[in-house]
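Letter by letter, the sequence shown follows residues 2 to 866 in my numbering. Heads up, the beta-carbon is just placed ideally off N, CA and C, and yes, glycines get one too. From a predicted model like this one, the values you see are computed outputs, not experimental measurements.
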Amino acid sequence: PFKRFIKQVSSLTLFLIFLRPLYAAELPKYEINAEIDSSRHVINASQKLIFTNNSDKEISEVYFHIYPHRKYKESEKRFLGRYAAYFKVNPFPEGFQSGDLIIKSAISEGQALTYDIEGKDESILKVDLKRKISPGESAAVELVFQVNIPHAYGRFGWHNNVISLLRWYPMLSVLDNEGWHNYPFYPYHQPYFSDAAYYSVNLTVNSKEVLAHSGISRQEINNSNGTKTVTIDSELPLRDFGICLSPDYAVESSVIKGVKINSYYLPGDLNSAKHALEFAAGLIDYYSKEFADYPYKEFNIAPSYLAYGGTQSSGLVLIDTRNYRLPGFLIRYFDFLVSHETGHQWFYNLVGSDEYRQMFIDEGFNSFFIIDYLNYKYGPNAQVMVLPKGIKWLIPNFSFQRAQVDRYLFVAKNGLDRPVLGELSSFKEPSAIFSITYGKGSKIVGMLKAVLGDEVFAKLMQRYFKEYAFKNISSDKLKELASSESGKDLNYFFNSWLKTENVCDYAVRSVNGAQAVIDNLGSINMPLDIKIIDNEKKVSYYSWDGAGPEKIINSEPGTKISSVRIDPDNKILDVDRVNNNWPRKLDLRLVPVYSAVYEIPAILKEDSYNLIAGPQIGDWGLKVSLQKPQDNILYISGGYNFGEDRFKNVLGFEQKHLGNKMRKWGIEAYNYQGIGEGTDQEGLKVYLRQELWPASYGLLDENDHYTLYFLRDRNFNGSIVSGSLEDIKNLHYRQEDEAIFGANFKFGRYGAYPDPSFGWKLNAVLENAQHVLGGQDYFFRFSPQLIRYFGLSPKQKLAAKAKIGLGYPADKGLFQLGGQDGLRGYSYKTINGSQAMMFSGEYRLDLKNNLDLSFCDRIVTLKKI
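Here it is as structure tokens:
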């Protein structure tokens, strides 16, 4: 009885803690009645909103976000189709659709109100109240509206009997002393900012529909017309009210520490649903101990056709259906997805923030603690893949944290970095939002913890949830909390890391006897530890505030320094960790088969030069590379090619991000020695490649770029640049006494993945051979190629290609049609000439969709023929 009494008192205390902030500002209350016609994909609804003027000024209008009403420019529609390739899916099965939210009437106190649609994207509803509302005064507005649900993947749309409805109703814009926050609807991420509110909802749906939603179901009535009406309330405030429904849903439920967790699933996915329930329960338990108890009685997880990993609503998270059918070795990735979205019940729902201007608060904090949780659960530096012991030696693994940080380092080193804070629409490219607000943001939270210390940081997080539960927090308020709790002036930290794109980089410049010199090469100063081991194996730690251009450290007289390591606990976001060590570290790895996988930075030791050696694929021999992650690679290979009956030796080097841009150069020399007479060959290539777009969207697609190059008795061999595809075909290389200067350009705007139905792709090659550097040939050739894509219907597409070749002199075989890489109509025959013209057309018809064939533990799947 005593334990039960203590538990009841604790629950009451927690409830009062959560409610305490409500006395400072009245929260809105929504009363919604909605009928969802799942066959016509239409919602007819009415909504009464009671709100309070929480600003310090009188108001005479009220504003709502009507996200489904957002109007898209043609360029935006096409970019959405193209950007979806980043997630390897076509989100518009029947062509672009965005749905609509149509306001039919607005009433207050029985009086009809006038209203207007505002904003460049027409996603803001302005309602004239026809009277002044004083600070602290409340008013009610009733809206009648219709929602048209699009056939589209994502948080708002339907596909294959699943309807996802997030932010589907008019949502009150945030009003504070700055005024109304009427942000546009940035469609490539989550531009949301909302007040927590109470909800009372009546939903009428087909009786066969199974509902997952943000609230608590209080009553369900079966109607005579084959529908049912479900009465739902929020019990405690919610940041939004989301719904996901399908007649195909089943549910697996369990009560964990007083919280009923409902894991919905589609046919065949029961096992994954059980895992999702387990993962959500683990995260809820961990965050409850770290911050504050999950305050609601229920939590829901539902599969949806999102086209990306997952998304959050209050009391409800949606996970993309593809993640329910991952290969077994990616079970931890599934855990990561479910846990990350579940974590937003704290960092979004309980404590809100301005996601349009300050997404770092939501995503940076949640990402940091999710990595913390995974390391707690799976061990330090938790690895992404769960590999059987028998093949661990064969397949390289990587950690969640490395994947997160490396994504940011690519951005920082390639001139794509920017301040963490700022409007979402100001990011150079949508995928950079993940790198900066999630990756860099997570590390900033970790550095804040290091600056404050574990104890103070823990107290900060307790105050964070105690003082801002059901409120909105800003970066300035976060800084005030941290400064208050620590007694430190944190202006420099917050300004440097959140408001600039400056970087931090400390390096060991030199060691001479008992003296070490540490350089500050970056533009952000951070306090750091320096670990020194002397020749007597004595370990000493030195602290530096990080200010100034250098730090000279003298160890004990009579000793010699054996090693120096800056930031041994990896607390700082240092853009170059290799130079943190003296002597520089070298990691030697012998691999069973050398492949391009071993040139991915996340696979390599980040604080070392990496020497990788192993048998290579293609030529029977050995390949060895020396790499500095993200920066450069030196490689040498030698092997015997049975198809060509000759030994092939290659030596090359590539330097990345020249001038802190998406630019790299490389050089590669080769020597081929054949068994037969006249089969020996030597050659060289030098290249400079400039990427024109930050991310390659197609899995095997060439990114927009241009390349300048020199070839000496070489051809392109499909890819001139390591890890970067080049599309150069139908050129005839004699590879004998040729010195060729060339340029390749590729640019395109097309989609959707993987079978384009709109847009174009332009590829052009210009080459000139000269009598220089041993070249004995002279010619000029230019070959542009244009591909156009047309959508006839959702299942029918046309693709047309036109290519010409212009060359001089006329007696040279400069172009080649046919052959393995040529025009398919000629089979393996080849035709050479100094001029060329080629046209092709394709009619593409979907014969069978929605296949669910998989092989090798779902590593290989077939979705469509």
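Leaving aside the five residues that flank Y184 on each side, the residues in its chain whose CB is nearer than 6 Å to its CB run, in chain order, P192, Y357.
Distance from the CA atom of K539 to the CA atom of A451, rounded to whole angstroms, is 25 Å. The C-beta separation of I233 from V202 comes to about 4 Å, placing the pair in contact by the 8 Å criterion.
Ranked by Cα distance from A404, the first of L375, G440, P431, R419 is G440. Between the alpha carbons of G353 and P268 lies a distance of about 35 Å. Spatial neighbours of F348 in its own chain (CB-CB distance under 6 Å, excluding positions within 5 residues in sequence) are listed in chain order as D363, F366, N367. By a beta-carbon distance limit of 8 Å, V518 contacts E551. Their separation comes to about 6 Å. Within the same chain, E607, D608 come within 7 Å of R578 by CB-CB distance, once the 5 residues on both sides are set aside.
Counting only residues of its own chain and dropping the five nearest sequence neighbours on each side, R590 has a CB closer than 6 Å to the CB of I613. The alpha-carbon of N580 is positioned some 25 Å away from that of V592.
A straight-line Cα-Cα distance of about 28 Å links A197 and E210. For M839, the enclosing beta strand (DSSP E) stretches over residues 837-846.
Secondary structure at Y154: coil, using DSSP grouped into helix, strand and coil. The region 78-95 and the region 166-173 do not touch, with fewer than three beta-carbon pairs separated by less than 8 Å. Taking every protein chain shown into account, the CB of G842 has fewer than 16 other CB atoms within 10 angstroms, so this residue is exposed. Membership of D321 in the beta strand (DSSP E) is indicated by the continuous run 317-321. Cβ neighbours of A548 within its own chain (closer than 6 Å, five residues either side excluded): N526. When secondary structure is reduced to three states using DSSP, I805 falls in the strand class. The alpha carbon of K429 has as its nearest neighbour, out of A413, K665, L449, the alpha carbon of A413. Residue range 332-344 is occupied by the alpha helix (DSSP H) that includes I332. By the C-beta density criterion, C857 is exposed, having fewer than 16 other C-beta atoms within 10 angstroms.
Contact check between the region 467-476 and the region 385-404: fewer than three CB pairs, one atom from each, fall below 8 Å, which does not count as touching.
Restricting attention to alpha helix (DSSP H) runs no shorter than 4 residues, the region 721-765 encloses none.
Residue pairing by DSSP puts T831 in a beta bridge opposite G819. The C-alpha of L453 lies about 13 Å from the C-alpha of I573.
One thing to note: D122 has its Cβ no nearer than 9 Å to the Cβ of S61. Annotation for I668: the continuous beta strand (DSSP E) segment containing it runs 664-675. A buried status is given to R240, since no fewer than 16 other beta-carbon atoms sit within 10 Å of its beta-carbon.
Taking the Cα of S835 as reference, the smallest distance to any Cα among S218, R585, R789, Y779 is reached at Y779. With a threshold of 16 other beta carbon atoms within 10 Å, A597 falls short and is exposed.
Spatial neighbours of N263 in its own chain (CB-CB distance under 6 Å, excluding positions within 5 residues in sequence) are listed in chain order as V252, S254, N301. Minimum Cα-Cα distance from G675 among the listed residues N642, K624, W694, S497 corresponds to N642.
A straight-line Cα-Cα distance of about 43 Å links P630 and V163. For I371, there is no enclosing beta strand (DSSP E); the enclosing alpha helix (DSSP H) covers residues 366-379. Between the region 48-60 and the region 73-91, the count of Cβ pairs shorter than 8 Å is below three; the stretches do not touch. Within the same chain, and ignoring the five residues on either side of Y710 in sequence, the residues whose Cβ sits closer than 7 Å to its Cβ are K686, V687, Y688, I721, G743.
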